[in-house]
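The working numbering puts the first residue of the sequence shown at 364, with every later residue one more than the last. We put the CB at the ideal spot given by N, CA and C, even for glycine. Nothing here was measured: the structure is a model prediction, and the numbers come from that model.
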Amino acid sequence: MEMLNRLSILLEPDAIKCNIQIELHGDSSLCVQGAEEKLQQVFLNLLRNAFEAIRSDGKIEIVLSGQQEQAEVRIRDTGPGIPKQLLPKLFTPFFTTKSEGTGLGLPICKTIVEVYGGTIEARNVPGQGAEFVVRIPQAPAGVVAAAVSKESAESEQSE
364 MEMLNRLSIL
374 LEPDAIKCNI
384 QIELHGDSSL
394 CVQGAEEKLQ
404 QVFLNLLRNA
414 FEAIRSDGKI
424 EIVLSGQQEQ
434 AEVRIRDTGP
444 GIPKQLLPKL
454 FTPFFTTKSE
464 GTGLGLPICK
474 TIVEVYGGTI
484 EARNVPGQGA
494 EFVVRIPQAP
504 AGVVAAAVSK
514 ESAESEQSE
């Protein structure tokens, strides 16, 4: 997913300023079903949350893999992790652990991922911070391009 590479580049100035490394590993040629701008919203939100958790001097690792018909994206950070009792509440609308925020970011991410037939989950990685795992059905590149083109054409016609 070239989109994740572009997001890494977009976030690079903030990463340098905060001394946070962003590493991208795995199969970047994966193609998934769904509108790129919506999936970009999901991954940008997860990456920004990782930045906020780390604050400075840490690492965000993005790992891409394909398993059968699913693409899997893991976003791990070296922040403090998520308290175990809060994990079940993370995707609940208006639940937030931040002093500023609406508590809608993760629920919106979950809705977008589920619309495309995927799943999202959060967990702690012992001694390493938090990890978010997004699984979305894979699609051949031509199908994805056609789906995005169709959505673009439909939105242009409605305007």
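(message) Please report the straight-line C-alpha distance between Arg369 and Phe406, rounded to a whole angstrom.
(response) Position 6 of the sequence shown holds residue 369. Position 43 of the sequence shown holds residue 406. Rounded to whole angstroms, Arg369 to Phe406 spans 11 Å at the Cα level.
(request) For Val478, count neighbouring C-beta atoms within 10 Å of its own C-beta (all shown protein chains included) and say buried if the count is 16 or more, exposed if not. (result) Position 115 of the sequence shown, counting from 1, holds the residue named residue 478. Looking at its Cβ environment, which holds fewer than 16 other Cβ atoms inside 10 Å, Val478 is exposed.
(request) Please check the pair Phe454 and Leu467, which I expect to be a contact at CB under 8 Å, by giving their CB distance rounded to whole angstroms. (result) If you number the sequence shown from 1, residue 454 lands on position 91. If you number the sequence shown from 1, residue 467 lands on position 104. The Cβ separation is near 10 Å, so there is no contact.
(request) Evaluate contact between the segment 469-487 and the segment 413-420, counting only Cβ atoms and requiring at least three cross-stretch pairs below 8 Å. (result) no
(request) Using 10 angstroms around the beta-carbon of Glu400, count the other beta-carbons present and answer buried if the total reaches 16, otherwise exposed. (result) Here the question's residue 400 lines up with position 37 in the sequence shown. With fewer than 16 other Cβ atoms within 10 Å, it is exposed.
(request) Would you mind working out which of Asn412, Glu432, Gln431 and Ile438 sits nearest Glu424, comparing C-alpha positions? (result) In the sequence shown, residue 424 corresponds to position 61, counting from 1. When each option's Cα is compared against that of Glu424, the closest is Ile438.
(message) For Asp377 and Ile385, I'd like the C-alpha separation in whole angstroms.
(response) The residue given as residue 377 occupies position 14 in the sequence shown. The residue given as residue 385 occupies position 22 in the sequence shown. Those two C-alpha atoms are separated by around 10 Å.
(message) Under DSSP, the beta strand (DSSP E) around Asp440 begins and ends at which residues?
(response) For this step, residue 440 is matched to residue 77 along the sequence shown. Unbroken beta strand (DSSP E) run through Asp440: Gln433 to Asp440.
(request) Mark Glu432 as exposed unless 16 or more other C-beta atoms lie within 10 angstroms of its C-beta, in which case mark it buried. (result) Locating residue 432 in the sequence shown gives position 69, counting from the first residue. It counts as exposed.
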